[in-house]
Amino acid sequence: MSADWSLSKRSKTSSDYVFMRLQRLKLELEQKQQVKVLDLSAGVPKFPPSKLIKLRLQELVGETDVYYYPSYKPLPEFSSAILDWYRKRFGVKTELSVQIGHGAKDILTHLPYLFTDEGDEVLVPDPGYPGFVSAFRYLGIKAVYYQLPEENNFSLDIDRIKQVVSKKTKAIIVNFPSNPTGQTADKFQLQKIVDFCREAKIVLIYDNAYSEIYFSKFVPPSIFECQGAQEVALEVGSVSKTFSLAGIRVGFVIGSEEFISAFSTMKSAFDTGVFTALQRLTAYAYSNFDYQWYEQMILKYKENIIKTANILNSLGLEFEFPKAGLYFWAKIPDRFKSSEEFVFDVLNKKYILLAPGSAFGSSGSRYIRASFCALP
Numbered sequence: 157m158s159a160d161w162s163l164s165k166r167s168k169t170s171s172d173y174v175f176m177r178l179q180r181l182k183l184e185l186e187q188k189q190q191v192k193v194l195d196l197s198a199g200v201p202k203f204p205p206s207k208l209i210k211l212r213l214q215e216l217v218g219e220t221d222v223y224y225y226p227s228y229k230p231l232p233e234f235s236s237a238i239l240d241w242y243r244k245r246f247g248v249k250t251e252l253s254v255q256i257g258h259g260a261k262d263i264l265t266h267l268p269y270l271f272t273d274e275g276d277e278v279l280v281p282d283p284g285y286p287g288f289v290s291a292f293r294y295l296g297i298k299a300v301y302y303q304l305p306e307e308n309n310f311s312l313d314i315d316r317i318k319q320v321v322s323k324k325t326k327a328i329i330v331n332f333p334s335n336p337t338g339q340t341a342d343k344f345q346l347q348k349i350v351d352f353c354r355e356a357k358i359v360l361i362y363d364n365a366y367s368e369i370y371f372s373k374f375v376p377p378s379i380f381e382c383q384g385a386q387e388v389a390l391e392v393g394s395v396s397k398t399f400s401l402a403g404i405r406v407g408f409v410i411g412s413e414e415f416i417s418a419f420s421t422m423k424s425a426f427d428t429g430v431f432t433a434l435q436r437l438t439a440y441a442y443s444n445f446d447y448q449w450y451e452q453m454i455l456k457y458k459e460n461i462i463k464t465a466n467i468l469n470s471l472g473l474e475f476e477f478p479k480a481g482l483y484f485w486a487k488i489p490d491r492f493k494s495s496e497e498f499v500f501d502v503l504n505k506k507y508i509l510l511a512p513g514s515a516f517g518s519s520g521s522r523y524i525r526a527s528f529c530a531l532p
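Numbering (the working numbering), first residue to last: 157 to 532.
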């Protein structure tokens, strides 16, 4: 296709997703140099899922009715399993509703449609997951970044958020445990952002995909443990990290009936729901949580953290050990001008692929992100 008129303006101003570009560089180097690159750039869990889940999936794909069109809304057993999990895990007793999606990213890229019109603004963390804003250019939404200050170890700073709010601000995305920094937020910090959003009438989208991946006595909370959160908040969850099931692409969003009903209606314009077998599998996973397998996964990640730390030390990087999540957030040596220069240097000389911190916002220009879950 060569005619310029055949492509939309938005398609010509877009660019590849950062991890697509990194994978392309990796493959080109492997083919050219006939080497195997150690890929620490993406959060792809290599720890195998529970045997119980794999056996259940085999049973489910043999059921005849799973091959009909799935429902637009989640199956009742899916919703019940998620809500029961929230009651047991987080102590959340508020009446909430659930909508399913094709992974957390699918939900996060569609939620802005619900609250914004062209020209509106959404606040996003810097540093933060690039998938938060990857769809904004297609919607005509402006991403306004709020800083997670380096001097405060990239913790939530309500004063930094207040500095960038305007009359066009419609929503804010908050993510703890954080991708990429591994930082956490306690209920006191989250209550402050909930109170602010209620006062400013801003919708709070809370990405809690890493809630079950933590390495200390601190247990990451849900936003719905905060008073008044159901009035302004939506929380996004994912089976990818919790159950090491990244490939099946199932996520969910939980919130008030008003928010979820509106999102379900809007989402029905884009797809026809999630494969019924995967909905039933997710319901089974949450209702029959395999704690023995889970403890083994966390133990493996702790081992991988030590291995990855040794690699990063050998590259001259400065870092703290992650509190939660799947990543190291490490500072590059002073002699390098940028995170991109460092990443390319390490890739070409050491055959190790890291993610440049600049992909996560301007605050990451002197950092890289390294995934420890990708180690075998």
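No residue lacks a Cβ here, since even glycine has one placed at the ideal position from N, Cα and C. Keep in mind it's a predicted model, so treat the numbers as computed, not measured.
- By the Cβ rule, the segment 358-371 counts as touching the segment 384-398, because three or more pairs are nearer than 8 Å.
- By the CB criterion at 7 Å, V430 and V409 fall outside the cutoff.
- With contacts defined by Cβ atoms closer than 7 Å, L213 and L437 form a contacting pair.
- In the structure shown, F475 adopts extended strand secondary structure according to DSSP, grouped into three states.
- From the listed residues I508, G520, L279 and F344, the smallest Cα separation to T464 is found for I508.
- The three-state reading of DSSP puts V320 in helix, counting H, G and I together.
- Rounded to the nearest angstrom, the gap between the Cα atoms of Q189 and L503 is 12 Å.
- Excluding sequence positions up to five before and after I349, its CB lies within less than 8 Å of the CB of L312, I314, I317, I328, V330 and L360, all in the same chain and listed in chain order.
- Assigned with DSSP and collapsed to three states, Y301 falls in strand.
- Rounded to the nearest whole angstrom, the CA to CA distance from S518 to K456 is 32 Å.
- Here R436 carries a helix assignment [DSSP, helix/strand/coil].
- Going by DSSP, E459 is part of the alpha helix (DSSP H) stretching over Y447 to S470.
- When the beta-carbon positions are compared, I238 and V217 stay at least 7 Å from each other.
- In this structure, Q435 lies away from F288, with their beta-carbon atoms at least 7 Å apart.
- Taking a contact to require three or more Cβ pairs closer than 8 Å, the segment 193-200 and the segment 513-530 qualify as touching.
- If you compare the alpha carbons of T428, F310 and K229 with that of E476, the shortest gap goes to F310.
- For L270 against F419, the beta-carbon gap comes to about 5 Å, under 8 Å, which counts as contact.
- Taking E459 as the centre and dropping the five residues before and after it, the same chain places no C-beta closer than 8 Å to its C-beta.
- The beta-carbon separation of V280 and A299, rounded to 5 Å, stays under the 8 Å limit for a contact.
- Bounds of the beta strand (DSSP E) holding K487 are Y483 to K487.
- DSSP, read as helix, strand or coil, puts Q189 in helix.
- Straight-line spacing of the CA atoms in P532 and T340 works out to 26 Å.
- Here S514 has S494, S495, E496, G520 and S521 as same chain residues with Cβ atoms under 7 Å from its own Cβ, once five neighbours each way along the sequence are excluded.
- Residue burial annotation: S400 is buried, with at least 16 other C-beta atoms found within 10 angstroms of its C-beta.
- The Cβ neighbour count for E251, taken over all protein chains shown within 10 Å, is under 16; the residue is labelled exposed.
- Rounded to whole angstroms, A385 and K373 show a C-alpha spacing of 25 Å.
- Distances from the alpha-carbon of S334 to those of W449, P376 and H266 put P376 closest.
- Ranking A365, L178 and L473 by CA distance to the CA of D262 puts A365 first.
- When the Cα atoms are used, Y370 and F292 turn out to be separated by approximately 30 Å.
- Using a 10 angstroms sphere on the CB of G338, the tally of other CB atoms reaches 16 or more, which defines it as buried.
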